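Those letters in the sequence shown? Residues 1 to 283, by full-length UniProt numbering.
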Amino acid sequence: MRNLHGRLDLCSINTATLGHREPLSLTIDRIAKAGFGGIAPWRHEVESTDIAQIARQIKALGLTVTGYCRSAYLPAATRAQFTANVNANKAALRDAATLGARCFVMVVGGLPEGSRNLPAARAQVSDGIAQLLETARDWGVPLALEPLHPMYAADRAVLNTLAQALEICEAVDPECSGFLGVAIDAYHCWWDPELYASIEAAGRAGRMLAYHVCDWLRETRDLLLDRGMMGDGVIDLPGLRGSVERAGYEGLVEVEIFSKEHWWRRDPDEVLQVCAQRLQTVC
1 MRNLHGRLDL
11 CSINTATLGH
21 REPLSLTIDR
31 IAKAGFGGIA
41 PWRHEVESTD
51 IAQIARQIKA
61 LGLTVTGYCR
71 SAYLPAATRA
81 QFTANVNANK
91 AALRDAATLG
101 ARCFVMVVGG
111 LPEGSRNLPA
121 ARAQVSDGIA
131 QLLETARDWG
141 VPLALEPLHP
151 MYAADRAVLN
161 TLAQALEICE
171 AVDPECSGFL
181 GVAIDAYHCW
191 WDPELYASIE
201 AAGRAGRMLA
211 YHVCDWLRET
221 RDLLLDRGMM
231 GDGVIDLPGL
241 RGSVERAGYE
251 GLVEVEIFSK
261 EHWWRRDPDE
271 VLQVCAQRLQ
281 TVC
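Here it is as structure tokens:
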């Protein structure tokens, strides 16, 4: 396992960690000044700015765009809406390419409004990924399927385990083209009894595109907006990263924390300092 001590160049900050409280250009400067090697911006930040200028700023500061967050949800109640969702993701892939992103993070979406048909929603996800794969190849940006914790199956992601994500990868991209893989997020996957076997499988297939860290608080107060800082919860982060890296992952370690009532209320530079310290000591 790589030693992160003194190696913040191997670490990335997802801009959600700072709560989207400031203009993206300022956030980029803060992350670079703090010594991190990478950044993962969100679409709503990027799309409200001059994308080309943001790309130039990131490149000038020597930052790697570890991922572009995130996809439009795929499942829909009508075929027309499904097609619109796919097209929205095709447009986002163009922007990801402009930014030089290493991957486009796919949070695939939950059940369409009024639906109870989970298999149908998952089938739409597979269909949508298949339609996006050619666009991903055209723009040179891999799709990273990110399974979310099952508590989000209704509203955010019907893709809930790493094994499910790999099944879609194998079905849609059996030749392992390099443009379809997975994002492994500690918050969403730590509980999975098949996690380590799935990590090994992802490694054998060469499909690990991103690795995200935070922590699961024992007394989580909000299942969306109360993630913990690394070391404050129950996840075996060194064990998880060791497994990911033994399986062949060589990318950056990305911090992604949603914390409305705690970390998003703290000074951004202080948050970055704590992230740096925890990455080097408990991850």
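Idealized CB from N, CA, C, for every residue including glycine.
None of these values were measured; they are calculated from a predicted model.
Taken in chain order, the unbroken stretches of beta strand (DSSP E) that lie wholly in the segment 236–272 and span 3 residues or more are 253–255. The Cβ atoms of Glu-45 and His-20 lie closer than 9 angstroms to each other. Inter-residue distance for Ser-177 and Glu-134 is about 11 angstroms (C-alpha atoms, whole angstroms). Ranked by Cα distance from Ile-58, the first of Thr-83, Ala-210, Leu-99 and Asp-95 is Leu-99. As the crow flies, the alpha-carbon of Gln-164 is around 37 angstroms from that of Ala-34. For Tyr-152, there is no enclosing alpha helix (DSSP H), since its DSSP letter is neither H nor E. The closest CA to that of Leu-61, considering only Asn-117, Ala-72, Phe-36 and Val-274, is found on Phe-36. Put simply, of Trp-190, Gly-67 and Leu-63 the residue whose alpha carbon is nearest the alpha carbon of Pro-142 is Gly-67. The beta carbon of Met-1 sits closer than 8 angstroms to those of Pro-238, Arg-241, Gly-242, Glu-245 and Arg-246, all from its chain and outside the five residues before and after it, given in chain order. Runs of the alpha helix (DSSP H) lying entirely within the segment 32–66, each at least 4 residues long, are 43–46 and 51–60 in chain order. Residue environment for Trp-191: exposed (fewer than 16 other C-beta atoms within 10 angstroms of its C-beta). A residue is called buried once 16 or more other Cβ atoms fall within 10 Å of its Cβ, and Met-151, having fewer, is exposed.
The beta carbons of Cys-103 and Ala-97 sit no closer together than 9 angstroms.
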